[in-house]
Ligand SMILES: Nc1ncnc2c1ncn2[C@@H]1O[C@H](COP(=O)(O)OP(=O)(O)O)[C@@H](O)[C@H]1O
Ligand SMILES: [Mg+2]
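Numbering (the working numbering), first residue to last: 10 to 408.
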């Protein structure tokens, strides 16, 4: 790590004034429902989403679950859990389409191969002792909870978002990796809730931008980048595109309080993820725009091809990784203080503009800048795979 990047020091290093520009194009732009009555058909969709995950013992489990739902509803209505309206519980009970519906529709997904039953992960709400709210995103609020003596995180979706719930559940229940947040269970009664391991360190965003008093060494920063790339490489190997990679969706297993703490990063929030279709060995794997939703993810971390609505593939995550890397290297939110309106930033990015390199600290290893620049290349095909990113980062680590 003897090479140094030669850049002009940033004139001023004030803390960012905002989390990130409030772009017009936002992910998951549904209006959050606040404990309102959940429509019956929406609940039915949630049920359908869940039952798309096959189980060898589904019939038995379904009967048991129906009984469990009824019990949970009674408990919640009796004041057990504060967040579900009684009407929602009634709707949930009423809507339970047979599992065969999804199968009959032929909606086979890679998760079918895992033969995982959502029912087997069902968590009894009465076993959860819900504590304080520890975070909130665009679709959910997350609470600290205790489950049989173990501290966990409970992600409570604000409204009926069946497709996002389905995706998140599918990914979490199927994939296990040290750098992906560990899924522990799900509660489908009332508002859907996902139980996962608790990441005590909070978000990478908070560490980088809101805890600037905590110093971070270059080895620590490289470790953050490596952990993220490992998690993402695993996902891409499973042909899954995350589509919402950003520092707000990267969690730290434990608090990083000083240079002596080795960070451990976990990728989270799979609500926008998508499996890539199988492609012909010789043909390209890029997805036509119609197959993937344009404008997903949070705009600041979005690749130009997403912003312009062109077809895209897993390389959109590599672009987002570059933006995360910029945050890690600079501890600065890209374009913050540029004076550009959010929409102008999006336009600038699609025209090839990238975050200000003058914010990169003068002692930053130049190899890290190279990784970052290659990852935010304009042409998706020119961006490296996470395999290659890992190689480059490992070299930077051992330099
Ligand atoms: N397992 C977890 N441990 C600790 N905090 C979490 C956990 N999961 C989520 N959070 C917190 O909750 C916030 C929102 O969670 P997220 O899954 O990103 O929801 P959304 O889909 O609404 O963006 C995160 O940014 C983080 O602050
Ligand atoms: Mg999120």
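Even glycine gets a Cβ: it sits at the ideal position worked out from N, Cα and C.
- Considering only 269, 309, 240, 228, the residue with the shortest C-alpha distance to residue 398 is 240.
- 261 is the residue among 218, 261, 249, 222 whose C-alpha sits nearest the C-alpha of residue 212.
- Taking 9 Å as the cut-off, the beta carbon of residue 214 is found no closer than this to the beta carbon of residue 166.
- Distance from the CA atom of residue 406 to the CA atom of residue 135, rounded to whole angstroms, is 47 Å.
- If the five residues before and after residue 186 are omitted, its C-beta is found closer than 7 Å to the C-beta atoms of 240, 243, all from its own chain and listed in chain order.
- Taken through DSSP and simplified to helix, strand or coil, residue 323 comes out as coil.
- For residue 359, the uninterrupted alpha helix (DSSP H) segment begins and ends at 351-359.
- With fewer than three CB-CB distances shorter than 8 Å, the stretch 221-235 does not count as touching the stretch 177-185.
- When only Cα atoms are considered, residue 328 and residue 141 end up about 34 Å apart.
- Beta-carbon to beta-carbon, residue 246 and residue 324 are separated by about 14 Å, too far to satisfy the 8 Å threshold.
- According to the DSSP assignment, residue 378 belongs to the alpha helix (DSSP H) that extends over 375-384.
- Any heavy atom of ligand 2 within less than 6 Å of a residue's beta carbon puts that residue on the list, which reads 146, 257, 258, 278.
- If you draw a 10 Å sphere on the C-beta of residue 252, you find 16 or more other C-beta atoms in it, and that means buried.
- Nearest Cα to residue 149 within the set 156, 171, 311, 158: 171.
- Short note on residue 207: C-beta closer than 8 Å to some heavy atom of ligand 1.
- For residue 326, the closest alpha carbon among the candidates 178, 389, 358 is that of 389.
- Taking all protein chains shown into account, residue 343 has 16 or more neighbouring C-beta atoms within 10 Å of its C-beta and is therefore buried.
- DSSP, read as helix, strand or coil, puts residue 185 in coil.
- Pairing residue 346 with residue 381, the inter-Cα distance amounts to about 21 Å.
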